[in-house]
Structures are given as C-alpha cells and as structure tokens.
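What follows is a short report on a single structure.
In the working numbering, the protein residues as written are 624 to 940.
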C-alpha cells in the first residue's frame with residue numbers, strides 16, 4: 624500500500640494519546656508537529672467514536688491539519704505467530720496468503736470474524752541453505768479492535784489509511800544496525816506507556832514482547848526501572864532461544880540517545896554480557912530541533928512507521 628503524503632500517526636495506549644504528523648515522501652520524512660496528552664476523565668475510553676472526537680479536537684488544538692491517519696497499536700493488542708511452509712516462489716504469493724490465513728485460523732483461539740491478518744516473509748532459517756522452507760511472521764488484530772480503530776478515525780474526522788503494529792516502527796529504525804551485525808539484535812524502545820523489546824534479525828522483528836512499566840519521573844528511579852527491564856530482557860532472550868533459534872544475541876540497541884536510554888543500555892550490556900549501541904534517526908528523517916531527547920525517543924516508533932512508508936518497507940497492513 625502506498626502511504627505517501629501528509630499523514631498523522633496516532634497511538635492511544637491506555638489513557639495516553641501520542642501523535643506525530645508530517646509529510647511522507649519517497650525516501651524522506653518531514654516531521655511537522657506532535658502532541659502527547661492524557662485522555663480526560665469525561666471522555667469515555669470504551670466509546671471509540673467519542674474518543675475519536677476528542678482526538679480530533681486535540682489534534683486541531685495542537686495545530687495538526689492532516690486529513691488522513693495511521694493508527695498504531697501496541698504489541699499487546701496483536702497476536703504474532705511464526706509459521707513455516709514448504710518453499711514457495713515469489714510468484715506464489717497468493718497461495719502463501721491463503722496458507723497463512725488457514726494456519727492462523729487453526730492456531731488462534733480468538734474469533735476470526737472481522738480480524739485483520741497479515742504477514743511478512745522472513746529470511747530462510749539457519750541451516751536451511753537450500754531454502755527448503757518459507758518462513759513468515761504473521762500478525763492478527765482482533766475484529767473488535769479493527770472496528771474500534773475505524774470508529775475512532777471516523778470520530779476524529781480522519782481517513783484511516785492503515786492500522787499498524789507500533790513495534791514495526793521501532794524495527795524500521797533498528798533495521799540498519801541489524802544489517803551490520805553477525806547475529807540478532809535486541810532492540811529496546813522506551814515509550815510513555817512502557818517498554819517494548821524486539822529481537823531483530825536482518826532487518827525483521829522475529830520475536831517481541833511488551834512490558835507495561837511507565838518510565839520513571841526522577842533520576843532516583845532509573846536504577847530500579849533498569850533492573851526491571853533487565854529481568855524482562857533475560858526472559859525475552861530465553862523465550863527467543865526456546866522458539867528454536869540457533870543464533871544467540873550479539874548486541875543490544877537502544878532507541879534514542881537520551882540519558883535514560885543510556886542508563887538502561889548500560890545495565891543491559893552488563894547483565895547480558897553484550898555490547899550496546901544507541902540508535903538515532905537516519906538522515907532521511909527531518910525532525911524539528913526543538914524536540915528534546917526523551918520526547919524523540921517516545922515518538923520514535925511512530926516516526927519509524929512513517930520512515931517505513933517512505934522506503935517501502937514490507938510490513939503488516
């Protein structure tokens with residue numbers, strides 16, 4: 624899907640709305656504005672149209688004049704499954720889509736009526752030199768959430784172009800560092816709502832988890848926050864290896880270059896015995912200089928989704 628043009632990226636996670644907007648061109652993104660605010664008590668979060676109307680007013684008050692949007696949903700809203708099929712040629716993509724739908728229907732416990740199911744191809748598995756299998760990572764968004772996203776966009780008087788997995792935006796920014804490593808990278812992004820951990824190999828997320836732990840407000844709380852992230856990172860590493868992966872992690876990548884990200888990166892490096900690097904926005908992203916480091920880090924997954932659209936990165940839709 625071509626997602627070029629003027630777009631607003633929206634993420635409503637719990638009570639907090641985070642939005643960023645700008646222009647998506649071929650190989651280039653220009654950020655024009657952003658906002659992050661708590662949903663007021665008088666807005667019913669269980670009523671998508673009313674919530675959308677509040678979002679529309681909030682965007683207008685923040686100076687956003689966009690008419691179309693992408694809604695980003697958190698990892699917890701999406702079911703991800705890694706699937707393996709007999710090798711297929713690129714020309715058999717239609718057959719693969721049907722096979723993914725059938726496998727997801729068999730494996731999922733949620734109702735499939737109205738659900739959005741999509742997938743991305745992965746590189747051949749380790750040891751599969753002859754490409755005897757086709758690996759995909761499939762994502763399913765429940766039908767009620769698809770309906771809610773459409774209603775929210777309608778309430779905000781915006782055209783909904785796509786519903787995207789927020790973590791895919793982080794992956795778009797982690798992709799470059801993963802291409803330079805000899806193995807998988809653990810990408811860590813700290814958002815206003817929590818922390819997302821994604822294991823990225825050759826530019827694709829192959830394993831991910833989300834932690835509902837809000838970033839600390841004071842420096843004194845950085846250490847316990849980092850300790851909690853370390854515990855969850857170790858669990859993610861074990862879960863990744865338990866999924867049958869042969870290659871272990873080789874690096875930790877922190878999204879953002881602010882002090883909190885550095886503190887967490889150092890803690891992860893020490894406890895996981897891995898080097899760490901900070902990931903910044905590439906030159907293809909033009910971002911206002913008055914946005915501070917922590918704010919940039921919080922907006923990064925949404926900006927990453929815009930970058931993915933600019934470079935035609937294959938992703939869930």
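Backbone N, C-alpha and C fix where the C-beta goes; we use that ideal spot for every residue, glycine too.
What is the residue span of the alpha helix (DSSP H) that residue i lies within?
i: residue 904; result: Neither: residue 904 is in no alpha helix (DSSP H) and is coded neither H nor E.
i: residue 656; result: From DSSP, residue 656 is part of no alpha helix (DSSP H) but of the beta strand (DSSP E) over 651-661.
i: residue 817; result: Per DSSP, residue 817 belongs to no alpha helix (DSSP H); it is in the beta strand (DSSP E), 817-824.
i: residue 680; result: 671-684
i: residue 894; result: 882-895
Evaluate residue i with the Cβ neighbour count: other Cβ atoms within 10 Å of its Cβ, from every protein chain shown; 16 or more gives buried, anything less gives exposed.
i: residue 663; result: exposed
i: residue 861; result: exposed
i: residue 912; result: exposed
i: residue 750; result: Any reading at residue 750 must be qualified, since the residue scores a pLDDT of 49, below 50, and its modelled position is unreliable; the value itself is stated next. So residue 750 counts as exposed.
i: residue 733; result: exposed
i: residue 803; result: exposed
i: residue 755; result: exposed
i: residue 905; result: exposed
i: residue 829; result: buried
i: residue 758; result: buried
i: residue 634; result: buried
i: residue 842; result: exposed
i: residue 721; result: exposed
i: residue 832; result: buried
i: residue 684; result: exposed
i: residue 858; result: exposed
i: residue 699; result: exposed
i: residue 638; result: exposed
i: residue 915; result: exposed
i: residue 640; result: buried
i: residue 870; result: exposed
i: residue 680; result: exposed
i: residue 943; result: With the chain covering only 624 through 940, there is no way to say anything about residue 943.
i: residue 814; result: buried
Establish whether the CB of residue i and some CB of chain C are separated by less than 9 Å.
i: residue 789; result: Absent from the structure: chain C. Only one protein chain is present.
By the DSSP assignment, the beta strand (DSSP E) with residue i in it spans what residues?
i: residue 709; result: 702-709
i: residue 621; result: What is shown of the chain runs 624 to 940, which leaves residue 621 out entirely.
i: residue 877; result: 874-878
i: residue 834; result: 827-834
i: residue 761; result: 756-764
Looking at the structure shown, is residue i part of a helix, part of a strand, or coil, going by DSSP?
i: residue 750; result: Reliability of the predicted coordinates at residue 750 is poor, the pLDDT of 49 falling under 50, and no value is obtained from them.
i: residue 775; result: helix
i: residue 724; result: helix
i: residue 789; result: helix
i: residue 809; result: strand
i: residue 842; result: helix
i: residue 921; result: helix
i: residue 735; result: coil
i: residue 691; result: strand
i: residue 870; result: coil
i: residue 936; result: coil
i: residue 744; result: strand
i: residue 719; result: helix
i: residue 783; result: strand
i: residue 648; result: strand
i: residue 770; result: helix
i: residue 837; result: coil
i: residue 862; result: helix
i: residue 931; result: helix
i: residue 666; result: coil
i: residue 796; result: helix
If contacts are defined as beta-carbon pairs under 8 Å, then residue i and residue j qualify, I think. What distance do you get, rounded to the angstrom?
i: residue 703; j: residue 794; result: About 12 Å; that fails the 8 Å criterion.
i: residue 820; j: residue 850; result: The Cβ separation is near 15 Å, so there is no contact.
i: residue 647; j: residue 627; result: 5 Å
i: residue 881; j: residue 839; result: At roughly 12 Å, the Cβ-Cβ gap does not stay under 8 Å, so residue 881 and residue 839 are not in contact.
i: residue 790; j: residue 766; result: Incorrect: roughly 21 Å between the Cβ atoms, too far for contact.
i: residue 847; j: residue 874; result: That pair is no contact at about 25 Å.
i: residue 743; j: residue 939; result: 7 Å
i: residue 654; j: residue 835; result: With 8 Å as the limit, residue 654 and residue 835 do not qualify as a contact, their Cβ atoms being about 27 Å apart.
i: residue 877; j: residue 852; result: About 10 Å separates the two Cβ atoms, so there is no contact after all.
i: residue 705; j: residue 760; result: 5 Å
Three CB pairs or more closer than 8 Å across the stretch 727-747 and the stretch 665-678: Contact between the stretch 727-747 and the stretch 665-678 is absent, because fewer than three Cβ pairs lie under 8 Å.
- prompt: Does the stretch 793-807 come close enough to the stretch 818-829 to have 3 or more Cβ pairs within less than 8 Å?
  reply: The stretch 793-807 is in contact with the stretch 818-829.
- prompt: Taking three-plus beta-carbon pairs below 8 Å as touching, is the stretch 690-698 in contact with the stretch 777-795?
  reply: yes
- prompt: Does the stretch 887-901 come close enough to the stretch 926-933 that 3 or more CB-CB pairs lie under 8 Å?
  reply: The stretch 926-933 vs the stretch 887-901: no contact.
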